[in-house]
Each structure stands twice: as C-alpha cells, then as structure tokens.
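Residue numbers (the working numbering), protein chains in the order written: chain A, 34 to 426; chain B, 239 to 396. Heads up, the beta-carbon is just placed ideally off N, CA and C, and yes, glycines get one too. Bear in mind that the values here come from a model prediction, so they are computed numbers and not experimental data.
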Amino acid sequence: MTPREVYLDNSATTKMDPRVLEAMLPYWSENYGNPNSLHRRGREARSAVDAARASVAALINADPTDIIFTGAGSEADNLAVKGAAWALKAKGKGNHIITSAIEHHAILDSVKWLGRMGFEYTVLPVDSKGMVCPSDLEAAIRPDTVLVTIMFANNEVGTIEPIKALGEVCRKHGVLFHTDAVQAAGHINIDVKDLPVDMLTMAAHKMYGPKGIGALYVRKGVKLIPTLHGGGQEFGLRSGTENVAEIVGFGKAAEIAKARLEAGEDKKLAALRDYFIDGVLSSVPESHLTGATGEDRLPFHTSFTVKYIEGEGMLLLLDAAGIAASSGSACTSGSLEPSYVLLALGLDHATAHGSLRMTMSHDTTKEDIDYVLEKLPQIVEKLRAMSPFYNKK
Amino acid sequence: MYNQKVVDYFMNPRNAGKIEDANAIGEVGNPTCGDVMKIYLKVDPKTEVIDDIKFETFGCAAAIATSSMITEMAKEKTLPEALKISNQDVADALGGLPAIKLHCSLLAKEGIQAAAADFYMKRDGVLPEGLTFPENCTSNVGGSEEEPFVSEDNRSAE
Ligand SMILES: Cc1ncc(COP(=O)(O)O)c(C=O)c1O
Ligand code: FES
Numbered sequence: 034m035t036p037r038e039v040y041l042d043n044s045a046t047t048k049m050d051p052r053v054l055e056a057m058l059p060y061w062s063e064n065y066g067n068p069n070s071l072h073r074r075g076r077e078a079r080s081a082v083d084a085a086r087a088s089v090a091a092l093i094n095a096d097p098t099d100i101i102f103t104g105a106g107s108e109a110d111n112l113a114v115k116g117a118a119w120a121l122k123a124k125g126k127g128n129h130i131i132t133s134a135i136e137h138h139a140i141l142d143s144v145k146w147l148g149r150m151g152f153e154y155t156v157l158p159v160d161s162k163g164m165v166c167p168s169d170l171e172a173a174i175r176p177d178t179v180l181v182t183i184m185f186a187n188n189e190v191g192t193i194e195p196i197k198a199l200g201e202v203c204r205k206h207g208v209l210f211h212t213d214a215v216q217a218a219g220h221i222n223i224d225v226k227d228l229p230v231d232m233l234t235m236a237a238h239k240m241y242g243p244k245g246i247g248a249l250y251v252r253k254g255v256k257l258i259p260t261l262h263g264g265g266q267e268f269g270l271r272s273g274t275e276n277v278a279e280i281v282g283f284g285k286a287a288e289i290a291k292a293r294l295e296a297g298e299d300k301k302l303a304a305l306r307d308y309f310i311d312g313v314l315s316s317v318p319e320s321h322l323t324g325a326t327g328e329d330r331l332p333f334h335t336s337f338t339v340k341y342i343e344g345e346g347m348l349l350l351l352d353a354a355g356i357a358a359s360s361g362s363a364c365t366s367g368s369l370e371p372s373y374v375l376l377a378l379g380l381d382h383a384t385a386h387g388s389l390r391m392t393m394s395h396d397t398t399k400e401d402i403d404y405v406l407e408k409l410p411q412i413v414e415k416l417r418a419m420s421p422f423y424n425k426k
Numbered sequence: 239m240y241n242q243k244v245v246d247y248f249m250n251p252r253n254a255g256k257i258e259d260a261n262a263i264g265e266v267g268n269p270t271c272g273d274v275m276k277i278y279l280k281v282d283p284k285t286e287v288i289d290d291i292k293f294e295t296f297g298c299a300a301a302i303a304t305s306s307m308i309t310e311m312a313k314e315k316t317l318p319e320a321l322k323i324s325n326q327d328v329a330d331a332l333g334g335l336p337a338i339k340l341h342c343s344l345l346a347k348e349g350i351q352a353a354a355a356d357f358y359m360k361r362d363g364v365l366p367e368g369l370t371f372p373e374n375c376t377s378n379v380g381g382s383e384e385e386p387f388v389s390e391d392n393r394s395a396e
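Now the structure itself:
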C-alpha cells in the first residue's frame with residue numbers, strides 16, 4: 034500500500050485541474066501567435082485571450098473589459114494600490130490610504146512603500162475573529178482619504194470580511210474601495226454588480242489554475258496610473274505581450290469554479306470543513322479554532338492553535354505521515370517572528386507558536402480527513418510529551 | 239531544509255522527558271523566537287559525572303534535535319567537560335543546521351550551563367570560577383537591526 038498523501042495547503046496553492054492544463058497546452062507551441070499581431074495566428078491568440086477574459090469576468094459577474102490580466106495576484110494588488118493612489122493624488126484628491134492589519138504583504142508593503150513616497154496611511158485593527166469593523170473604517174476616513182483596501186478573505190485564518198458593509202461606508206464617503214479576493218475568488222459567490230467594490234484582485238493558482246497569472250477587476254470609470262509601461266496591452270494598464278497560455282488556463286479555471294459554485298459544491302466543502310473542525314477540536318485537547326465560523330469562513334479553510342507545542346514540529350511530523358499543512362509559528366517564519374495576522378487577532382507569541390493551518394480542496398475526501406484526525410492527536414501527544422509547559426499525567 | 243540526521247534526532251528524540259529526582263534543573267528561554275528548554279540532571283555530587291540527563295523543549299525541530307544531541311553528548315561526562323560543548327559542536331555533530339536555525343543550538347548549550355549553575359549553587363552556594371547563569375533574554379543571535387525594505391515577515395509569500 035502506498036502511503037496516503039493528503040495535501041492540506043490549498044491556501045498556499047492548489048493543484049492545477051487537468052482540464053486547465055489541457056486547455057493551455059496548445060497555446061505554447063501550436064497556437065503560438067502574439068495577440069497583438071494582425072495575421073491569423075495573432076487573431077487566434079487574441080480570441081483565446083478574449084474568451085478567457087469573458088470567463089474570468091463571468092466568475093464575478095463583471096464585464097469582460099473590466100478585467101486586467103497581470104503576472105500574479107501580487108502584481109494586481111500593486112497595480113490597484115499604487116495605480117489608484119498615484120492617480121488620485123495627481124488629481125489633487127488627497128493623500129491618505131486605509132488598510133487593515135491582516136492584509137497580505139502585497140498590500141501591506143505596497144501601502145508602506147507609498148508611505149515612504151509621501152502618502153499617509155491608517156492600518157485598521159481586527160477583532161478576535163479577524164473581522165474589520167465597518168464603524169472603525171468610517172471613523173478612520175478623512176477628507177483626504179483616497180483609497181481603502183481591505184481583503185475579501187484572509188489566508189491565515191479564513192475569515193471573510195464584511196465587504197458589502199465596508200464598501201457601503203466607502204461609497205457614502207466617496208472613497209475608492211479595493212479588495213484582495215485572492216483567497217475568496219472561485220471559492221465563494223462574488224458578484225461585483227451587487228457589491229460596492231471598485232477593484233478586486235484574483236489569482237488563478239488559488240483556484241486550480243496556473244501560477245504566475247492574476248487579474249484585477251477595475252470598475253468602469255476608475256482611473257489608474259499603470260505600474261508597467263510599454264506596449265499598452267491590457268487597456269494600457271499592464272504592458273507586456275500577453276501570457277496567452279496562462280490566461281487561457283485562468284479562463285478555464287474560472288469557468289470550472291463558476292460551474293462548481295452553481296452546483297453548490299462550496300456548501301459541500303463547507304460541511305466537510307465543519308466535520309474536520311469539530312473532529313480536531315474534539316480529538317485534540319486544548320486546541321482552538323482561529324478565525325470565524327460558518328458563513329463567515331472560507332469553505333475550504335481550517336486553522337487552529339494547539340497549546341504547549343510549536344508548529345514546525347507539527348508540520349514535520351505531519352509531513353512524515355504524508356500530510357501537508359502550514360503554520361504561523363515564529364520558528365517557521367524565516368524572520369523568527371510569529372505571524373502578524375495571528376498577533377493582530379490578539380494571540381500571544383506562545384499561542385501563535387502552536388498555530389496550524391489545514392486548507393482543503395475539492396479533491397479532499399472524508400477518508401482524507403479521517404486519516405488526519407487519526408494522526409494529528411498522536412503527533413500532538415508526541416510533541417507535548419517533550420514540552421516543558423505540558424503537565425503530563 | 240534539515241538534513242537526515244537532524245530529522246532523525248527530532249523524530250526519535252534521545253533523552254526526552256523529566257527526571258523526577260533530578261538534583262539540578264536549568265531552564266532557558268530563547269530571546270530570538272520565544273522558545274523554552276528545560277534540562278534535568280542527575281549529577282554525582284562527588285565526581286560531578288552526569289549520570290542522567292533529560293530535556294523538555296518547546297521549540298522548533300532544530301531546538302528539539304539539538305536538545306537530543308547535546309544530552310547524548312553530555313551524558314556520562316563530568317560537568318566541566320559537558321560545559322565545554324559549544325553550540326557549534328552540537329550543530330557539527332548533527333551534520334550542520336540551516337543558518338537561520340543556529341540560534342536554536344544556543345538554547346541547548348545554555349540549558350546545560352543553567353543546569354550546571356543550578357547544581358553548583360545548590361551544592362556549594364557559589365558558582366565556580368568562569369561559570370555564570372546564561373544571560374538569556376539579552377543575548378540576541380541573528381535578527382538584524384536594519385529596517386528591511388519590504389517584508390518584515392517572509393513567511394506570507396503565499
Ligand atoms: C490574500 C492574498 N493576496 C495576495 C496573494 C498573492 O498572490 P500571488 O501569489 O499570485 O502573487 C496571496 C497568496 O499568494 C494571498 O493569499
Ligand atoms: S526554536 Fe524557534 S526557530 Fe528554533
């Protein structure tokens with residue numbers, strides 16, 4: 034019997050769907066045209082890009098011309114934040130940006146960098162579940178606020194932010210609103226016709242598509258200053274010959290994600306998630322869920338803290354059992370600081386040490402989860418037996 | 239990231255646990271990442287030979303592996319001999335550690351130092367020449383002062 038392999042790090046990246054790969058393959062060698070060329074090969078590539086744009090737009094109910102393909106989710110975040118900030122500053126609209134404490138570094142570091150370039154910014158706190166409070170946002174808005182950027186859902190704790198309420202606050206004050214939906218897009222229903230968001234970031238590799246391709250939804254009428262200059266591709270916002278094969282792959286991944294959402298598969302996954310969460314909490318003494326629950330949590334996402342032990346040890350022992358997971362422990366961080374997201378939720382350093390994130394995919398089965406629920410308590414017990422903080426019986 | 243030997247000493251820890259009738263205990267904390275190690279010793283009061291040694295560690299795999307290794311190296315040595323084991327010796331015995339994990343081996347060395355100091359204080363009421371309690375919480379290995387240009391936390395590249 035080959036040992037079981039259970040990949041539970043789908044917040045980091047997902048396995049590409051074979052249908053996506055199949056759709057992409059011709060665009061490297063057979064249909065190799067440049068979409069900007071006039072001839073047949075060029076037109077063929079252009080229509081492939083257009084079709085993919087329409088599929089990605091359909092996933093969030095946007096118009097195809099509102100989708101800008103970029104080289105990663107991070108690049109789309111940079112384009113949104115820097116592009117909007119510079120554009121609005123140039124118009125004399127103001128100089129102040131608002132974000133949250135739990136954003137991805139693509140946002141946080143962009144905002145901090147703008148801070149060095151003369152912008153001012155406010156970082157909003159979150160509550161113990163990782164939620165940004167709309168009244169905190171309203172209180173932080175100043176007459177010179179030009180942009181608010183708050184993520185749709187958090188990668189480390191799975192909490193879905195109250196995007197509609199936050200967007201309404203921005204609308205009321207006439208402030209542009211961007212949301213980083215890299216973790217959410219393709220996994221929960223998002224309708225930009227219904228949501229007061231002006232820009233929204235997505236990345237294909239978090240929804241069973243290829244790595245290195247992202248997209249920014251930009252509502253009509255929103256003006257950005259491009260962060261990449263050149264041939265004027267992507268409506269002038271992202272120069273560079275289109276990455277046709279990856280764009281095609283993103284289109285296919287979006288199409289599959291949309292069909293899954295329509296079939297209610299997100300609900301099924303959420304049910305498995307709750308089974309998993311209950312299983313961990315009941316089989317591992319003194320374990321706690323981090324982040325929100327139910328509808329306020331990403332359907333594929335689980336994250337915990339396990340007292341008295343450290344995450345890196347858990348990851349290695351899980352890995353030895355064929356289970357891939359991740360942690361926000363200081364020891365796994367490379368910087369020897371615990372995850373700033375967990376600290377922002379109010380966790381202390383020692384508790385953040387024992388953090389464990391296990392994020393599922395549509396391929397995850399109940400058998401996989403049962404296997405993890407069998408192994409995890411043993412692993413925790415083994416590490417606790419070595420911990421100076423744990424009172425052994 | 240870790241070599242096979244480190245993984246082995248982590249997966250199959252040597253001398254993990256408590257000694258109920260220990261006659262010296264050292265507890266040290268790692269100021270760099272907030273980890274804790276406790277060393278239990280049973281030392282022959284006359285010969286100063288370490289008859290038994292055990293550890294409890296709250297820390298990463300490198301911290302556990304170095305705890306395993308140093309207890310193995312120190313066992314049956316005299317305290318003065320055990321105190322000569324440097325953190326580099328432990329790292330070398332493990333076939334090397336990733337640079338970012340070198341500070342974890344310091345934890346093991348300081349654990350022995352703290353336990354030895356505890357032994358001498360209990361036996362003689364004074365520390366022998368040259369031995370001090372490890373000054374944890376002030377030593378700082380790694381962690382540059384320079385303000386990084388971008389990520390202060392490089393784990394969230396996902
Ligand atoms: C919330 C969030 N934003 C942005 C990114 C960056 O996306 P990419 O890796 O495509 O640059 C990620 C993950 O990597 C993420 O989880
Ligand atoms: S003990 Fe924290 S990094 Fe080794």
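Residue i, DSSP secondary structure in three states
i, result
"residue 75/A", "helix"
"residue 362/A", "coil"
"residue 133/A", "strand"
"residue 281/B", "strand"
"residue 63/A", "coil"
"residue 304/B", "helix"
"residue 240/A", "coil"
"residue 172/A", "helix"
"residue 358/B", "helix"
"residue 316/B", "strand"
"residue 388/A", "strand"
"residue 42/A", "strand"
"residue 247/A", "strand"
"residue 424/A", "coil"
"residue 342/B", "helix"
"residue 375/B", "Confidence at residue 375/B is low in this model, with a pLDDT of 34, below 50, so its placement is unreliable and no value can be given for it."
"residue 382/A", "helix"
"residue 440/A", "Lying outside 34 to 426, the shown extent of chain A, residue 440/A is not represented and no answer is given."
"residue 161/A", "coil"
"residue 324/B", "coil"
"residue 268/A", "coil"
Contact set between residue i and chain A, taken where Cβ atoms lie within less than 7 Å
i, result
"residue 276/B", "421"
"residue 299/B", "345, 346, 349"
Through-space distance from residue j to residue i, alpha-carbon basis
i, j, result
"residue 265/A", "residue 118/A", "20 Å"
"residue 418/A", "residue 352/A", "19 Å"
"residue 294/B", "residue 323/B", "19 Å"
"residue 233/A", "residue 203/A", "14 Å"
"residue 272/A", "residue 209/A", "24 Å"
"residue 185/A", "residue 320/A", "26 Å"
"residue 258/B", "residue 312/B", "19 Å"
"residue 274/A", "residue 65/A", "12 Å"
"residue 363/A", "residue 148/A", "27 Å"
"residue 223/A", "residue 251/A", "14 Å"
"residue 239/A", "residue 281/A", "15 Å"
"residue 220/A", "residue 243/A", "16 Å"
"residue 252/B", "residue 284/B", "26 Å"
"residue 358/B", "residue 309/B", "19 Å"
"residue 260/B", "residue 282/B", "11 Å"
Chain-ordered neighbours of residue i on chain B, where CB pairs are closer than 9 Å
i, result
"residue 117/A", "Here the premise fails: no neighbours, minimum Cβ distance about 20 Å."
Listed by chain order, chain A residues near residue i by CB distance under 9 Å
i, result
"residue 258/B", "Residues of chain A passing the Cβ test: none, with the nearest at roughly 11 Å."
"residue 371/B", "Correct list: empty, because the minimum Cβ distance to chain A is about 17 Å."
"residue 248/B", "346, 349, 350"
Amino acids of chain A, ordered along the chain, whose beta-carbon sits closer than 8 Å to that of residue i
i, result
"residue 251/B", "419"
"residue 302/B", "346, 419"
"residue 254/B", "418, 419"
Residue i: contacting residues in chain B (beta-carbon distance under 8 Å)
i, result
"residue 464/A", "Chain A is shown only over 34 to 426; residue 464/A falls outside these bounds and no answer can be derived."
"residue 357/A", "Correct list: empty, because the minimum Cβ distance to chain B is about 13 Å."
Any non-hydrogen atom of ligand 3 within 7 Å of residue i CB
i, result
"residue 282/B", "Ligand 3 is absent from the structure shown, which contains only ligand 1 and ligand 2."
Chain-ordered chain B contacts of residue i [CB-CB under 7 Å]
i, result
"residue 363/A", "271, 272"
"residue 383/A", "272"
What residue ranges within the segment 178-237 of chain A form continuous alpha helix (DSSP H) runs of no fewer than 4 residues, ordered along the chain? If we require 4 residues or more, the alpha helix (DSSP H) runs fully inside the segment 178-237 of chain A come out as 196-205.
Entirely within the segment 391-417 of chain A and at least 4 residues each: give me those alpha helix (DSSP H) ranges in chain order. 399-417
At 4 residues or longer, what runs of the alpha helix (DSSP H) sit wholly inside the segment 288-372 of chain A? 298-316, 344-353
Identify every run of the beta strand (DSSP E) within the segment 83-156 of chain A, keeping only runs that are complete inside it and at least 3 residues long; order them along the chain. Runs of the beta strand (DSSP E) inside the segment 83-156 of chain A: 100-103, 129-133.
Measuring from each Cβ to the nearest heavy atom of ligand 2, keep the ones under 5 Å and list them in chain order. One residue list follows from the rule of a beta carbon closer than 5 Å to any heavy atom of ligand 2, given in chain order as 364/A, 271/B, 273/B, 297/B, 298/B, 300/B, 301/B, 342/B.
Quick check for students: name the residue ranges of the beta strand (DSSP E) that lie wholly in the segment 244-296 of chain B, counting only runs of 3 or more. Entirely contained in the segment 244-296 of chain B, the beta strand (DSSP E) runs reaching 3 residues are, in chain order, 262-267, 274-281, 288-296.
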